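For what it's worth, our numbering labels the leading residue of the sequence shown as 245, then goes sequentially.
For every residue, glycine included, the Cβ atom is placed at its ideal position computed from N, Cα and C.
All figures in this text were calculated on a predicted structure; none of them were measured in a lab.
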Amino acid sequence: MATIIDGKKCAEKILDDIKNRVSNLTQKPGLSVILVGCDPASSVYVKNKEKKALETGFNSSVYKLPENITKEELLALIEKLNKDDTVDGILLQLPLPKHLNPSDFLDKIDPKKDVDGFHPVNSGKLLNNEKPYAISCTPKGIIRLLESYNIQIEGKNAVVIGRSNIVGKPVSMLLLNKNATVTIAHSKTKNLSEITKKADIIISATGRANMVTSDMVKEGAAVIDVGIIRGNDGKLKGDVDFNSVKDVAGFITPVPGGVGPMTIAMLMENTLELHLLNKENQR
Ligand code: NAD
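What follows is the structure, given as structure tokens:
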């Protein structure tokens with residue numbers, strides 16, 4: 245039976261540490277979140293981020309913009325926040341309404357305020373194995389979970405299922421930079437289970453419920469489930485068939501309570517780190 249990786253506990257420890265550090269600061273880190281439209285899942289995510297930011301002792305502001313906002317209006321807000329010295333982190337909640345192209349806006353956020361690590365300067369630094377100003381929260385949280393449980397990365401076979409810009413690609417780069425041998429699988433990959441069966445570490449980020457089954461997993465492998473899918477019963481599920489995979493894997497993350505809490509903890513950590521960087525630059 246696998247060790248269950250407790251993301252909630254790990255995240256709480258990190259948040260307690262951040263809270264302590266923030267209580268000693270004269271100026272509080274500032275996080276600004278932009279929500280366009282009223283997608284129900286995005287509204288819940290933004291609410292949780294604001295709550296956690298306030299609990300951590302940050303200044304938090306949420307800009308709720310109408311669905312039909314123009315490109316120029318949204319760019320003007322980003323520009324205003326870029327110039328505001330009290331704002332350390334700017335997060336543009338995705339997805340955006342169809343008439344807005346995310347890269348038109350993500351590319352305009354100051355890379356030193358890009359708390360999600362999506363700006364090409366930050367993703368480029370990751371690709372070059374340089375230190376980004378901020379590393380994407382979910383990939384960073386996944387690595388932190390592996391490290392917290394002393395799961396060796398160097399020299400191991402890691403298979404990442406999913407190639408999105410927000411999870412699959414950046415987590416693959418982080419694993420590669422830590423000397424894993426990385427395979428990226430995606431919707432067009434053939435014979436997925438032959439590939440996953442060779443993996444010491446499987447990271448699944450597809451959003452397809454129960455697609456990773458026990459016959460795809462090598463005995464003792466670490467299985468990290470990024471997927472969040474709301475089932476017909478209203479409960480959250482992941483990509484991994486937890487009940488069967490836990491009997492084969494060495495380590496496994498639950499959904500909920502695995503990667504999710506770490507994403508929020510890394511968002512707070514990134515905000516604090518950018519705050520310290522910005523204060524340093526203002527001296
Ligand atoms: P996405 O839709 O952008 O990408 C999904 C990826 O899965 C694609 O690259 C696609 O090629 C791959 N894929 C789809 N079906 C596949 C199949 N049958 N076999 C192999 N690969 C397949 O999704 P995303 O934004 O990367 O998010 C993935 C999941 O992770 C979603 O459920 C999302 O809600 C969740 N997520 C969770 C967190 C968190 O904090 N826990 C953060 C971000 C995303």
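Three-state secondary structure (DSSP) of tyrosine 377: As a position in the sequence shown, residue 377 is number 133, starting the count at 1. Tyrosine 377: coil per DSSP, three-state reduction.
Touch test, the region 500–513 against the region 251–258, Cβ-Cβ under 8 Å, three pairs minimum: yes
Distance between leucine 390 and isoleucine 496 (C-alpha atoms, nearest Å): Here residue 496 refers to the residue found at position 252 when the sequence shown is read from its first residue. Here residue 390 refers to the residue found at position 146 when the sequence shown is read from its first residue. So the alpha carbons of these two residues sit roughly 10 Å apart.
Whether threonine 457 touches aspartate 485 by CB criterion (8 Å): Within the sequence shown, numbered from 1, the residue matching residue 457 stands at position 213. Within the sequence shown, numbered from 1, the residue matching residue 485 stands at position 241. Against a cut-off of 8 Å, the Cβ pair of aspartate 485 and threonine 457 comes out as a contact.
8 Å CB neighbourhood of serine 287 in its chain, flanking five on each side removed: Stepping through the sequence shown from its first residue, residue 287 is reached at position 43. Excluding positions up to five away in sequence, the list reads Leu279.
Valine 470 CB to nearest heavy atom of ligand 1 below 7 Å: For this step, residue 470 is matched to residue 226 along the sequence shown. The answer is yes for valine 470.
Check whether asparagine 394 and lysine 442 have beta carbons under 8 Å apart: In the sequence shown, residue 394 corresponds to position 150, counting from 1. In the sequence shown, residue 442 corresponds to position 198, counting from 1. No, the pair does not count as a contact, with Cβ atoms beyond the cut-off.
Residues bridged to tyrosine 307 (per DSSP): Locating residue 307 in the sequence shown gives position 63, where the first residue counts as 1. Beta-bridge pairing links tyrosine 307 to Ile278.
Entirely enclosed beta strand (DSSP E) segments - the region 434–468, minimum 3 residues: 445–448
Helix, strand or coil at alanine 246 according to DSSP, with G and I counted as helix: Residue 246 sits at position 2 when you count from the first residue of the sequence shown. In this structure, alanine 246 counts as coil in the three-state DSSP scheme.
Which residues DSSP lists as bridging arginine 474, in chain order: Position 230 of the sequence shown holds residue 474. The partner list for arginine 474 (beta bridge, DSSP) reads Leu480.
Residue range of the beta strand (DSSP E) that includes threonine 314: Position 70 of the sequence shown, counted from the start, is the residue given in the question as residue 314. Premise fails: threonine 314 is in no beta strand (DSSP E) and is neither H nor E.
Neighbourhood of leucine 273 by C-beta, 6 Å cutoff - its chain only, sequence neighbours within 5 removed: Translated into positions along the sequence shown, residue 273 becomes position 29. The question names leucine, but residue 273 in the sequence shown is proline. Within the same chain, proline 273 has close Cβ partners Phe302, Asp332, Thr515, Leu516 and His519.
Beta-carbon proximity of glycine 385 to valine 503, cut-off 8 Å: Taking the first residue of the sequence shown as position 1, residue 385 is located at position 141. Taking the first residue of the sequence shown as position 1, residue 503 is located at position 259. Yes; because the gap between Cβ atoms is below 8 Å, this pair is in contact.
Coarse secondary structure for aspartate 358, derived from DSSP in three states: Here residue 358 corresponds to residue number 114 of the sequence shown, with the count starting at 1. Correct three-state label for aspartate 358: strand.
Test item: CB-CB of leucine 275 and leucine 335 under 8 Å: The residue you call residue 275 lines up with position 31 of the sequence shown. The residue you call residue 335 lines up with position 91 of the sequence shown. Taking 8 Å as the Cβ cut-off, leucine 275 and leucine 335 qualify as a contacting pair.
Contacting residues, own chain, Cβ-Cβ under 8 Å from aspartate 491 (five flanking each side not counted): Taking the first residue of the sequence shown as position 1, residue 491 is located at position 247. Around aspartate 491: Met245, Ala246 and Ser458.
CB of glycine 494 within 8 Å of CB of alanine 466, strictly: Stepping through the sequence shown from its first residue, residue 494 is reached at position 250. Stepping through the sequence shown from its first residue, residue 466 is reached at position 222. Yes, Cβ-Cβ distance for glycine 494 and alanine 466 is below 8 Å.
Proximity of leucine 370 and isoleucine 379 at Cβ, strictly below 8 Å: Position 126 of the sequence shown, counting from 1, holds the residue named residue 370. Position 135 of the sequence shown, counting from 1, holds the residue named residue 379. Against a cut-off of 8 Å, the Cβ pair of isoleucine 379 and leucine 370 comes out as a contact.
Coil, strand or helix - phenylalanine 302 by DSSP: If you number the sequence shown from 1, residue 302 lands on position 58. Phenylalanine 302 falls in the coil class under three-state DSSP.
Per-residue DSSP class, three states only, for leucine 269: Along the sequence shown, one-based indexing puts residue 269 at 25. Leucine 269: coil per DSSP, three-state reduction.
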